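Asker: Sharing a structure below in structure tokens format, with a few things to ask.
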Amino acid sequence: MGSLISEVLGVPDEQMDKILGIDDRRNGLCETHGDFIDRHHSGKGRASEGWAGCPQCAEERHQERMREEEYQRQMELMRQRARRFVAQSGIPKRFSGKSFDTYRPVNGKSASILRKIREYSDIVSSGEHAGRSLILLGNVGNGKTHLACALLEDVILRTCKPGHYWTFAELVRDVKASWRKNSEESEQDVYDRFANSELAILDEVGMQNFTDFEQTVAYEAVNARYLLEKPTVVITNLPASELSICLGERVVDRLRESGGKAFDFDWDSYRSKGAEQ
Ligand SMILES: [Zn+2]
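One point on numbering: in full-length UniProt numbering, the residue at position 36 of the sequence shown is 36, and numbering is uninterrupted.
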């Protein structure tokens, strides 16, 4: 009886063997698949010289290779997607590429904060955060924005989901821009945009005089994420004692709910020469 392929093509077996470079056959026994006809390749066809072995084993190896290649391809697409999200995250140029590894703790407290923010990144990336937020307080030049940007990039790369960096002034500007007659975005759209990303960093809070309007913007933005149980990191140069007064108590309450923590970068920055903002 001819093989299936030779029957389909209407070519006799011997001729088919020639085309495939097969110059010998023998009975084979596979531990998994049992009896099979082993084929010897002359090395003149596509296969290299030698006995081919069990065809079903060969097929399974082939399938496994295809699955592995497909897996690698999907992983590479995910990596490209995550890198695109990082590029679109709004991380300021001077902080792009700043990572946990390039942050130089200048004292025990900064080393402890670095460790806790790394742990926070694990929690946010795992999705087990229940909306837990962070407040980074304290002196300029102690690396708050560096660590927040490192955190944001880390979370984006690990979750392959978009995350965004905003300054408070940008948020206020976008809300005001939504009032223009020809604006394509409504005020709600701005808050939705703020709320939608996996992690949002809100930097430079407290650089301005807090009017009722600004307190409302801060509340609407933070509350929109709170309702979706999404984590927010607020960065401010204000001392803890002034935060509630400037930002409004209900904003701080929202940030502290679900176990939100505040880290105070309160050491003198003159001692942290070489450390970056
Ligand atoms: Zn086999």
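Every residue gets a Cβ at the ideal spot worked out from N, C-alpha and C, and that includes glycine.
The structure displayed is predicted, hence computed values, not measured ones.
(1) Classify Gly143 as buried or exposed, calling it buried when 16 or more other Cβ atoms lie within 10 Å of its own Cβ.
(2) So does Gln56 have its beta carbon nearer than 7 Å to some heavy atom of ligand 1?
(3) State yes or no: is the C-beta of Lys98 within less than 8 Å of the C-beta of Cys57?
(4) Look up Gly262 in the DSSP assignment and give the residues it is bridged to.
(5) Among residues of its own chain, excluding the 5 on either side of Leu151, which ones have a beta-carbon nearer than 6 Å to its beta-carbon?
(6) Pop quiz: Leu199 and Trp166 are said to be a contact at Cβ under 8 Å. What is the actual Cβ separation, rounded to whole angstroms?
(7) Tell me whether the stretch 58–65 and the stretch 167–174 touch, counting them as touching only if at least three CB pairs, one residue from each stretch, are closer than 8 Å.
(8) Straight-line CA distance for Asn237 to Ala218?
(9) So, with DSSP's three-state summary, where would you put Leu36?
(10) Assuming the contact rule is C-beta atoms closer than 8 Å, Leu108 and Ser269 should be a hit. Round their C-beta distance to whole Å, please.
(11) Report the option in Arg158, His164, Leu227 and Leu137 whose CA atom is closest to the CA atom of Ser244.
(12) So, at 8 Å on beta carbons, what are the nonlocal neighbours of Ser183 in its own chain, with the 5 sequence-adjacent residues on each side left out?
(13) Do you know offhand how far Phe194's Cα is from Leu255's?
(14) So, helix, strand or coil for Asn209, using DSSP?
(15) If we count the other Cβ atoms within 10 Å of its Cβ and call it buried at 16 or more, is residue 314 buried or exposed?
(16) Could you name the residues of the same chain whose beta carbon sits closer than 6 Å to that of Ser258, not counting the 5 residues immediately before and after it, in chain order?
(17) Would you call the stretch 153–167 in contact with the stretch 89–104, where contact means no fewer than 3 C-beta pairs closer than 8 Å?
(18) Quick check: the Cα distance between Glu128 and Asn27, rounded to an integer number of angstroms?
(19) Comparing C-alpha positions only, which one of Asp212, Ile19 and Gly260 sits nearest to Val124?
(20) Does any heavy atom of ligand 1 sit closer than 7 Å to the C-beta of His146?
(21) Alpha carbon to alpha carbon, how far is Ser42 from Asp13?
(22) Could you say which of Glu229, Val222, Glu68 and Ile156 lies nearest to Arg250 if we only look at CA atoms?
Answerer: Short version:
(1) Counting Cβ neighbours within 10 Å, Gly143 comes out buried, since at least 16 surround it.
(2) Result yes, Cβ under 7 Å from ligand 1.
(3) Between Lys98 and Cys57, the gap from beta carbon to beta carbon reaches 8 Å or more.
(4) Per the sequence shown, the amino acid found at residue 262 is Ala instead of Gly. Secondary-structure assignment with DSSP links Ala262 through a beta bridge to Ile135.
(5) The residues are Ile117 and Ser121.
(6) In fact, because the Cβ distance is near 11 Å, the residues do not count as touching under 8 Å.
(7) When Cβ pairs closer than 8 Å are counted between the two stretches, the stretch 58–65 is seen not to touch the stretch 167–174, the count staying below three.
(8) Rounded to the nearest angstrom, the two C-alpha atoms are 16 Å apart.
(9) Reading off the sequence, residue 36 comes out as Phe, not Leu. Phe36 carries a strand assignment under DSSP once its states are collapsed to helix, strand and coil.
(10) Strictly speaking, residue 108 in this sequence is Gly, with Leu absent from that position. No, Gly108 and Ser269 are not in contact; Cβ-Cβ is about 16 Å, not under 8 Å.
(11) Selection Arg158, His164, Leu227 and Leu137 evaluated against Ser244 yields Leu137 as nearest (Cα-Cα).
(12) The beta carbon of Ser183 is closer than 8 Å to those of Ala177 in its chain, skipping five residues each way along the sequence.
(13) Distance between the alpha carbons of Phe194 and Leu255 is about 15 Å.
(14) Coil at Asn209, not helix or strand.
(15) Since the first residue of the chain shown is 1 and the last is 277, residue 314 is not available in this structure.
(16) Only Ala130, Gly131 and Arg132 meet the Cβ criterion.
(17) Judged by Cβ distances under 8 Å, the stretch 153–167 makes contact with the stretch 89–104, as three or more pairs qualify.
(18) For Glu128 and Asn27, the gap between their C-alpha atoms comes out near 58 Å.
(19) The closest CA to that of Val124, considering only Asp212, Ile19 and Gly260, is found on Gly260.
(20) Because no heavy atom of ligand 1 lies under 7 Å away, the Cβ of His146 does not count as near it: no.
(21) The straight-line gap from Cα to Cα measures roughly 16 Å.
(22) Looking from the CA of Arg250, the closest CA among Glu229, Val222, Glu68 and Ile156 belongs to Val222.
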